[in-house]
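K.L.:
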Amino acid sequence: MKKETITQIFRFAVIGSSGFLVDFGFYFLLSRVFSFGEIPANLISVALAIVWN
40 MKKETITQIF
50 RFAVIGSSGF
60 LVDFGFYFLL
70 SRVFSFGEIP
80 ANLISVALAI
90 VWN
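Each residue of the sequence shown is one higher than the last, beginning at 40 in our numbering.
What follows is the structure, encoded as structure tokens:
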């Protein structure tokens, strides 16, 4: 594979992983620490992950 392709795959993986961490992290904080319901916590965490990406 070309170096550009490998770099692009790596960047895609990093961005995807960071989005997952933002989603999971905010979901955990909202649902466990701040006692939000599962659905509101999920909606907020997904929205934040989308904005992050």
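Cβ coordinates follow ideal geometry from the N, Cα and C atoms, glycine included.
All values reported here derive from a predicted model rather than from experimental measurement.
F10 by DSSP, collapsed to three states: which one?
P.N.:
An answer regarding residue 10 cannot be provided, because it is not within the stretch 40 to 92 covered by the chain.
K.L.:
Round the Cβ separation of G58 and W91 to the nearest angstrom and send it over; I've been treating them as touching at under 8 Å.
P.N.:
Confirmed, Cβ separation roughly 6 Å.
K.L.:
Distance check for R50 and M40, CA to CA, integer angstroms please.
P.N.:
Each residue's alpha carbon lies about 15 Å from the other.
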